[in-house]
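K.L.:
The structure's right below; bear with me while I get my questions together.
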Amino acid sequence: MSRKQRRLSLIVFVGIVLASATGLVLVALQDSIVFFNSPSDILARPPAPDQRLRLGGLVVEGSIERLPGEIVRFTVSDGANTRQVSYVGVLPDLFREGQGVITEGRLQPDGTFKADTVLAKHDETYMPREVAEALKRQGVWQGDKSKPLPVSPGKPGS
């Protein structure tokens with residue numbers, strides 16, 4: 001085997017090892033990667049059954065419903081569509097209607113999003129980057145104003 005052939009064989013071998021390592025890392029991370037979606041994204045591209053995802057948007061005015069057993073239902077909107085969210089637990093102190101929120105959980109067969117984590121905005125000027133980008137895509141972004149405008153319910157996503 002000539003020197004050139006050995007070098008080529010070594011390069012091919014290293015390439016195969018790197019591709020295999022990359023594939024193994026991606027397979028290992030597949031269960032822990034959680035993608036962000038707006039209500040419109042979920043309507044356009046429904047997630048796979050039992051897939052974890054993040055749902056973000058603004059909490060619709062008048063949509064918060066507190067039920068016995070720390071069950072809370074509310075609606076998240078991106079201005080064009082909405083998604084009903086169900087959460088069991090104590091909500092963050094800064095959670096309120098008309099504010100940005102990101103929930104993490106799974107979409108149920110009935111179209112309700114069952115959240116196991118709820119993240120609320122931090123202060124008067126903060127909005128999660130993903131939520132702001134989704135609102136800009138929908139054309140409802142109002143800039144960096146300190147007080148959010150009331151959120152219209154939009155079309156139900158389920």
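Last residue of the sequence shown: number 158 in full-length UniProt numbering, and the count goes up by one each step with no gaps.
All C-beta atoms in this analysis are idealised placements derived from N, C-alpha and C, irrespective of residue type, glycine included.
Could you give the first and the last residue of the continuous alpha helix (DSSP H) run that contains residue 45?
P.N.:
As a first step, residue 45 is located in the sequence shown; it is residue number 45 there, counting from the start. Looking at the DSSP string, residue 45 is not in any alpha helix (DSSP H), and its letter there is neither H nor E.
K.L.:
Any idea what DSSP makes of residue 64, helix, strand or coil?
P.N.:
In the sequence shown, the residue the question calls residue 64 occupies position 64. In the structure shown, residue 64 sits in coil (DSSP, three-state: anything other than H, G, I, E or B).
K.L.:
Just curious, the beta strand (DSSP E) that residue 75 is in, first and last residue?
P.N.:
Here residue 75 refers to the residue found at position 75 of the sequence shown. 71-77 is the extent of the beta strand (DSSP E) around residue 75.
K.L.:
Please classify residue 136 as buried or exposed, where buried requires at least 16 other C-beta atoms within 10 Å of its C-beta.
P.N.:
The residue given as residue 136 occupies position 136 in the sequence shown. Exposed, because fewer than 16 other Cβ atoms sit within 10 Å of the Cβ of residue 136.
K.L.:
Between the alpha carbons of residue 124 and residue 97, how many angstroms are there, rounded?
P.N.:
Taking the sequence shown and counting its residues from 1, one reaches residue 124 at position 124. Taking the sequence shown and counting its residues from 1, one reaches residue 97 at position 97. The predicted model places residue 124 with a pLDDT of 45, which falls under 50 and marks its position as unreliable; any figure quoted below should be read in that light. Spanning the two alpha carbons is a distance of roughly 13 Å.
K.L.:
Does the stretch 46-56 touch the stretch 95-112, meaning 3 or more C-beta pairs lie closer than 8 Å?
P.N.:
Result yes; three or more Cβ-Cβ pairs closer than 8 Å.
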